[in-house]
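Numbered per my numbering, the sequence shown finishes at 1453, counting up by one with no gaps.
We put the CB at the ideal spot given by N, CA and C, even for glycine.
Below is one structure, written out as structure tokens; comments come after it.
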Amino acid sequence: MSTTTATTLPDGKPLTAGHKKVIFASSLGTVFEWYDFYLYGSLAVVIAAQFFSGVNETTGFIFALLAFAAGFAVRPFGAIVFGRVGDMIGRKFTFLVTIVIMGLSTFFVGLLPSYDSIGIAAPIILIALRMLQGLALGGEYGGAATYVAEHAPNGKRGLYTSFIQTTATIGLFLSLMVILGVREYFGVEAFNDWAWRLPFLLSIVLLGISVWIRMQLSESPLFKEMKESGKASKAPITESFFSKNGRIVLLALLGATAGQAVVWYAGQFYAMYFLTQSLKVDSTTTWLLIAGALAIGTPFFIFFGWLSDKIGRKPIIMAGCLIAALTYFPIFKGITHYANPAVEEASSESPAVVIADPATCNFQFDPVGKKKFTSSCDIATAALAKAGVPYSVQEAPPGTVARVMIGDTPIDGFEGTGLAGDEFKASTATFNTGLTGALTEAGYPGAADPARINKPMVLLLLSILVIYVTMVYGPIAAWLVELFPTQIRYTSMSLPYHIGNGWFGGFLPTIAFALVAATGNIYYGLWYPIVIALMTFVIGSLFLRETYKLDITREDTYTDQHK
């Protein structure tokens, strides 16, 4: 590639052929890796039916989200393992290894027999493969971001690394497009039965392309110089976490990546689940709307990365956390208004209230599928949750058999504990018939009416959520890279990033929907990202320094903060 074909940067200086190759190779491989990782999240409902069919429907979906979160849970361990390898052996070798692990794990998910075929072994193997994916991703991101940043000239690291920041969203976008294409070609029934495997199997092709591209790269120049001068760390884990540098790692976690993570997952994954699970919008419409928002918002990663080279990383990320926390409730209520107005209208005119003894109302999550939720309160709340109806619980005297009020219409519940199987089924059918009739009479829809979905407004609100994502995520790689010296950079930046995104962010869908299921309030789960984002805003604003003017090639850049 000739330098005469260089792209012009926002400040008028050219992006050289060498820089373009580094950015393209690192970013494309990372796109494929995120594609692998997010296939599972995009297909959580199908995965629940295939691998967690041995438990009730609500538990199965939460279990599917937990298996998704398992991949995030092990990401910090991948960061430690592969970060150490990257700081001792090299950036290029490490993210070659991680992409092979990721690609093969995803491919084997496509081959894995379902619960109906091999029983409990199916979810166990699935979770193991998800954990391998998480370990690989724990090493991937830090390597790619560090590699690109160490090739970037001073004053352009925000812009250069912002291309890496687009990869997670593009990977999600790509996974949605492949899923939609396969689903449309084979039909919904075949897709849910077996064709869902094809997007996973495709990863073997993407793996081959990614490995070939990355084999063409050279080692990071800063790492090579450090290695040749004998200054490479011999104990990057000790130097990163069990020294004065550990304080910076902790601050980077609580004051940067935790808030960034919850804004990222609330704006993309939680929004997707909110549409399908809470508002009963069909999957195809949801995926198209999310994909449209991603397409609109993705260029802002580059914009905010570039802007962070001009005004700093910190103010953009802190503003994103604060604005998101202050506006989540009105935005998600707006999504309800425009995506399924019938739910909003019915719950306003005829609110659903469960009147019950609080002692009989349980948190309906059963990890082993053995517990039976047969109290009158559990039967009533489970039926409302399955119907996608927001509800509240009103306290009644001890021993009261629960009843449901839909506006002014009462539906008597029944105590299922102790009833024989046939008698329980008959009572449940009678209760459900009465509840369905009352809900229909009050205007509660069984699913969102496609004719009443205001798609332009839903798309606008989803795009705003994605722009919040770009604010907090676009500059984060450059900020993390600049916080730590070269000899421990891979390890030091990877751990706070992956604890933030793996634990604070990755568990967001599970925690949020558990909160919704426990309260009946479809917006209650938003308190989790709001509280975490506000925590990051306070800690980051007070305790983390600005870094955008630092020269990361000079060791004295880090002297003061490590004293």
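Straight-line Cα distance separating residue j from residue i
i     : j     : result
P1013 : G1045 : 48 Å
V1101 : G1028 : 18 Å
I1221 : E1313 : 45 Å
C1267 : F1397 : 27 Å
G1210 : W1196 : 16 Å
H1388 : K1170 : 32 Å
Q1377 : F972  : 14 Å
A960  : F942  : 15 Å
A1402 : Y1414 : 7 Å
M1208 : A1404 : 28 Å
L1112 : H1041 : Confidence at L1112 is low in this model, with a pLDDT of 49, below 50, so its placement is unreliable and the value that follows should be read with caution. Looking at the two C-alpha atoms, the distance is approximately 8 Å.
A1526 : P1386 : Any answer about residue 1526 is impossible in this case: the structure gives the chain only from 891 up to 1453.
F1433 : G1324 : 57 Å
F1427 : G1306 : 48 Å
V879  : A1058 : Because residue 879 is not part of the residues shown, which for the chain are 891 to 1453, the question remains open.
I1015 : E1372 : 39 Å
V935  : L1416 : 21 Å
P1288 : D1302 : 17 Å
A1341 : M1347 : 14 Å
D1172 : I1201 : 42 Å
M1383 : E1074 : 41 Å
A1011 : G1157 : 34 Å
V1294 : M1162 : 29 Å
S1317 : F1304 : 7 Å
I989  : L1062 : 17 Å
P1335 : L1216 : 30 Å
V1233 : P1419 : 24 Å
I1054 : I1429 : 26 Å
G1224 : L986  : 44 Å
T984  : T1360 : 27 Å
L1140 : S1431 : 14 Å
G1327 : T1051 : 56 Å
I1366 : V999  : 31 Å
L1355 : P1241 : 28 Å
I937  : P1375 : 42 Å
W859  : R1203 : Lying outside 891 to 1453, the shown extent of the chain, residue 859 is not represented and no answer is given.
G1297 : T1290 : 20 Å
Per DSSP, the bridge partner or partners of residue i
i     : result
T1036 : Beta-bridge pairing links T1036 to no other residue.
V1283 : V1244
I1296 : A1242, T1299
Local conformation of residue i per DSSP, three classes
i     : result
I1094 : helix
I1245 : strand
L1112 : At L1112 the pLDDT is 49, less than 50, meaning the model places this residue with poor confidence; the figure from the coordinates comes in the next sentence. Correct three-state label for L1112: helix.
T1056 : helix
R1020 : helix
G1396 : coil
D901  : Low confidence applies here, because D901 scores a pLDDT of 42, under 50, leaving its location unreliable; read the following figure in that light. Reduced to three states, the DSSP call for D901 is coil.
F922  : helix
T1290 : coil
W1086 : coil
L1169 : coil
Y1438 : coil
N887  : The question about residue 887 has no answer, for the chain in this structure spans 891 to 1453.
G1278 : coil
A1080 : helix
P1043 : coil
S1382 : helix
G1149 : helix
P1189 : helix
E1030 : helix
E1074 : helix
Residue i: CB within 7 Å of a non-hydrogen atom of the ligand ATP
i     : result
A1402 : Summarising the ligand content, the structure contains no ligands, and the ligand ATP is consequently not present.
Quiz prompt | Touching by the beta-carbon criterion (3+ pairs, under 8 Å), the region 1275 to 1282 and the region 1236 to 1246 | solution = Contact between the region 1275 to 1282 and the region 1236 to 1246 is present, because at least three Cβ pairs lie under 8 Å.
| Sequence ranges, alpha helix (DSSP H) only - wholly within the region 1311 to 1339, length at least 4 | 1311 to 1332, all fully within the region 1311 to 1339.
Q. Hey, is the region 1080 to 1099 in contact with the region 951 to 958, meaning 3+ C-beta pairs nearer than 8 Å?
A. The count of Cβ pairs closer than 8 Å, one atom from the region 1080 to 1099 and one from the region 951 to 958, stays below three, leaving the stretches out of contact.
Does the contact criterion of 3 or more C-beta pairs under 8 Å hold for the region 1057 to 1071 versus the region 1178 to 1186? Yes, they touch.
Entirely enclosed alpha helix (DSSP H) segments - the region 1192 to 1235, minimum 4 residues:
Here the runs fully enclosed are 1203 to 1229.
Report the residue ranges of all beta strand (DSSP E) runs contained in full by the region 1386 to 1436; include only those spanning at least 3 residues, in chain order. Qualifying beta strand (DSSP E) stretches: none in this window.
Subject >> Start-end ranges of the alpha helix (DSSP H) lying completely within the region 1335 to 1371, minimum 4 residues >> reply: The region 1335 to 1371 contains these whole alpha helix (DSSP H) runs: 1345 to 1363.
Hey, which unbroken runs of the alpha helix (DSSP H) at 4 residues or more fall wholly within the region 933 to 1015? Listed in chain order, they are 934 to 941, 947 to 963, 965 to 978, 981 to 1001, 1005 to 1008.
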